[in-house]
Amino acid sequence: MSSSSDFEALRSTDHAPGDEPADHHEIAEGIVGYLIGLGLAVLLTAVSFFIAGTSLVWHPSIPIALVVLAIAQIGVHLVFFLHITTGPDNVNNVLALAFGVLIVFLIIVGSLWIMYNMNQNMGPMPMPMG
Amino acid sequence: MTAFQAGAEFGDGRREEAHGGRPEAVLGHADPAAKRIIVGYGFWIFLLSDIIMFSAFFATYAVLSGETAGGPSGKDLFDLHNVAIETACLLLSSFTCGLAAIGARAHRDLMYYGGMAATCVLGLGFLGLEIHEFVGLINQGAGPTRSAFLSSFFTLVGCHGVHVTLGILWLLTMIAQVFAKGYRADILRRVLCFALFWHTLDIIWVAIFTVVYLFGAGA
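Protein chains in written order, with the numbering used here: chain A, 1 to 130; chain B, 1001 to 1219.
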């Protein structure tokens, strides 16, 4: 096998983001995948809304719990709706996602960190009088 | 060959002729499949850049969410029942969009058109609720000019709403294109991109209902 046909063979086993997994040959399998995703997403959403409004949970833990639930739900959406998985045919999609997550993390955490420090270190500025 | 494998041929007649329709025979010939992968991957990169744009709006909102300038805060304004119904609409529409994507690949008219129509109705329901909420806020003097908190709120949630609006226009276009041109390979690639776009909007909404509404109403 020449190296170019090796490359073609490799490329053809890649997986387009959003496409059904290659081992889903029946329509029913595809529907079951989306149903599982919907069930998990509804469950996580319901828990999120429940603990946001309840007094049963220790109050300071609620924001952390909400963030964890949201990240879990985003994971469910990625796997069951967008079909981004850890399989070898998905490496490109996952690497692109990982880079995106890195930038998102830098923007959000960086902004909060910098603005928190500025709030701490800069006192109220004298208002310019007109 | 099952219906789904027939769909996985992506309507490419040329390939069927050359290889007698055997899926394993086409693995070496990557052209049509590779194009679908490249288009999907390219659109995935676009969606990630869209998510990065949203992250800037999220960062702005997170920094400004306490700056109410003496005006109403999220706790006074947000109606979680409304948000729960909006969330249900988007979640169900993600599911029906998935059904439509399966229907398109399997060339099943009922599944494709039914799924797309349900997605459209649920998307319009979401938009209607969001517009209703925005109009209510503006009418009670809590418009985007009231405080930095409300400016960033309307920018972030409104930007998502604009995406949903564009998504519905795209959805109607895809219904019309499949109706007019059939399940052609290029049309199916557009359906794939549309489904990716719609699912990504749902992911962004998960972040919005957590960070904006649940944090805002609970804190």
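Beta carbons are placed, not taken as given, at the ideal position from N, Cα and C, and that holds for glycine.
Nothing here was measured: the structure is a model prediction, and the numbers come from that model.
The residue from A:Ala65, A:His77, A:Ile27 with its alpha-carbon nearest to that of Ala41 of chain A is A:His77.
Annotated three-state conformation of Gly1182 of chain B is coil, per DSSP.
Here DSSP, grouped into helix, strand and coil, assigns Phe1078 of chain B to coil. Per DSSP, Gly1125 of chain B is one residue of the alpha helix (DSSP H) stretching across 1109-1139.
Look at Ser1094 of chain B: its C-beta is under 8 Å from a C-beta on chain A. With respect to chain A, the C-beta atom of Arg1190 of chain B has no partner C-beta closer than 8 Å.
Between Ala1217 of chain B and Ala52 of chain A, the C-beta gap is smaller than 8 Å, which places the two residues in contact. Per DSSP, reduced to three states, the secondary structure at His77 of chain A is helical. The C-beta distance from Phe80 of chain A to Ile36 of chain A rounds to 6 Å, short enough to fall under 8 Å.
In terms of Cβ geometry, Leu1196 of chain B and Trp1044 of chain B form a close pair [threshold 8 Å]. No Cβ-Cβ contact shorter than 8 Å links Ala96 of chain A with Arg1036 of chain B. By the Cβ-count criterion, Asp14 of chain A is buried, with 16 or more other Cβ atoms from all chains shown falling within 10 Å of its own Cβ. Near chain A, meaning a CB-to-CB distance below 8 Å, the residues of the segment 1053-1077 of chain B are Ser1055, Ala1056, Phe1058, Ala1059, Thr1060, Ala1062, Val1063.
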